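The numbering used here numbers the first residue of the sequence shown as 698 and each following residue consecutively.
Think of the CB as a built atom: it goes at the ideal place given N, C-alpha and C, for glycine as much as any other residue.
Please read these numbers as outputs of a predicted model, since none were measured by experiment.
First comes the structure, then the notes that go with it.
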Amino acid sequence: ARQAKRMQLTPGFLSRGHGGSFAKPHVVDAHHDAAKHVGDEPLLLAEHAPVAVTANRAAGAKLLIEGHGCDFLIMDDGFQSARIHIDYALVVVDARFGVGNGHVIPGGPLRAKIVDQLVFTSGLLKMGEGAAADGVVRQAARAGRPIFLAHVEPADPSRFAGGRFLAFAGIGHPEKFFDTVRGAGGEVALSRAFPDHHFYAQDELADLLALARQEGLRLVTTAKDAARLRHGEVPAGFLDQLDVLDIEAVFELDHVPERIIGETLDAWRQRKMRG
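The following block contains the structure:
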């Protein structure tokens with residue numbers, strides 16, 4: 698989205714919104730919407746560009762285009778969407794965890810076989826370091842798809858260097874977050890992992906705060922977890938004790954985002970010419 702803005706485009710996001718409760722397409726208000734209504738990820742995305750939360754991708758796209766002037770739409774988790782044309786399909790694979798056992802639901806995590814999805818894939822982005830994604834990377838390369846590399850790093854590591862923390866997270870792979878805190882120079886003296894998209898109860902937060910105070914530690918969590926805490930009830934003093942580790946994706950080659958957007962626009966122009 699940042700690169701699209703630099704290229705004089707007006708980006709917008711389409712998201713299903715985990716746990717969202719709106720019957721019609723809804724554009725997220727980052728300052729007033731709660732994560733339990735729109736999802737934590739849409740709240741974070743809304744800080745950068747308009748986000749339409751809806752299961753009806755076509756209706757969401759229309760709302761962003763007509764209501765917010767968006768001319769470049771980024772669709773989260775919409776690879777299997779049949780109601781909207783995709784000009785560029787980027788498959789993102791975590792190098793540390795890959796695609797699980799490679800099987801399709803219910804036998805595995807995939808919604809379709811990798812070999813079938815590669816037919817509709819424009820490029821593959823491998824995030825981080827590790828060998829778990831090597832198989833799918835080889836498949837994509839054999840299919841002639843470009844392979845891009847990127848990693849996640851703390852946006853401001855100096856805030857955490859030398860600190861001692863009780864790190865907690867309710868995300869898909871909390872150990873990645875704990876490692877990121879360590880990578881920023883912080884000591885994870887204690888850690889607590891919760892289920893993905895977890896909404897914290899008052900007593901859970903009170904226990905975390907009491908333990909941190911007892912051990913002389915700072916609390917640290919992810920931006921996604923902080924989004925879920927933003928409009929909820931938290932114990933007195935909790936937010937004063939809490940640090941949020943913001944992260945950013947860094948491409949190995951700086952020109953990759955511009956290339957992807959350029960190829961997307963080229964595909965759109967060719968589609969328009971064909972009528």
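Check S819 in the structure and name its three-state DSSP category.
-> Of the three classes helix, strand and coil, the one that applies to S819 here is coil, per DSSP.
Pair every Cβ in the stretch 881-889 with every Cβ in the stretch 850-869, then say whether three or more of these pairs are closer than 8 Å.
-> Counting Cβ pairs under 8 Å, three or more are found: they touch.
Supposed close pair H848, G825 - CB separation, criterion 8 Å = Indeed they touch by this definition, with Cβ atoms about 5 Å apart.
When you compare only the Cα positions, how much space is there between R754 and T707?
-> The C-alpha of R754 lies about 18 Å from the C-alpha of T707.
Residues in its own chain within less than 8 Å of D853 by CB, not counting five upstream and five downstream?
-> Cβ within range, chain order: D943.
In terms of residue numbering, what span does the alpha helix (DSSP H) encompassing P739 cover?
-> If you look at P739, you'll find it in the alpha helix (DSSP H) that goes D737 to L742.
Mind the definition here: the stretch 757-773 touches the stretch 720-730 only if three or more C-beta pairs lie below 8 Å; say whether that holds.
-> Touching, yes, given that three or more Cβ pairs across the two stretches are closer than 8 Å.
Beta-carbon proximity list for I844, same chain, < 7 Å, skipping 5 on both sides = Here the set comprises L821, K823, V834, A837 and A838.
Is A866 closer than 8 Å to T918 when the C-beta atoms are compared?
-> Taking C-beta atoms as the reference points, T918 and A866 count as a pair closer than 8 Å.
Give a yes or no on whether 8 Å exceeds the smallest Cβ distance from E955 to chain D.
-> Judged by its chain identifiers, the structure shown contains no chain D, having just a single protein chain.
What do you get for E912, buried or exposed, if any count of 16 or more other CB atoms within 10 angstroms of its CB means buried?
-> E912 is exposed by the Cβ-count criterion.
Which same chain residues, not among the five before or five after H928, have their C-beta less than 6 Å away from its C-beta?
-> When the five nearest sequence neighbours on each side are left out, the beta carbons in the same chain lying within less than 6 Å of the beta carbon of H928 are those of A731, in order along the chain.
Pick from A720, A933 and S888: whose alpha carbon is nearest that of H870?
-> The shortest Cα separation from H870 among A720, A933 and S888 belongs to S888.
State the start and end residues of the unbroken alpha helix (DSSP H) segment that holds A701.
-> For A701, the enclosing alpha helix (DSSP H) has its first and last residue at R699 to R703.
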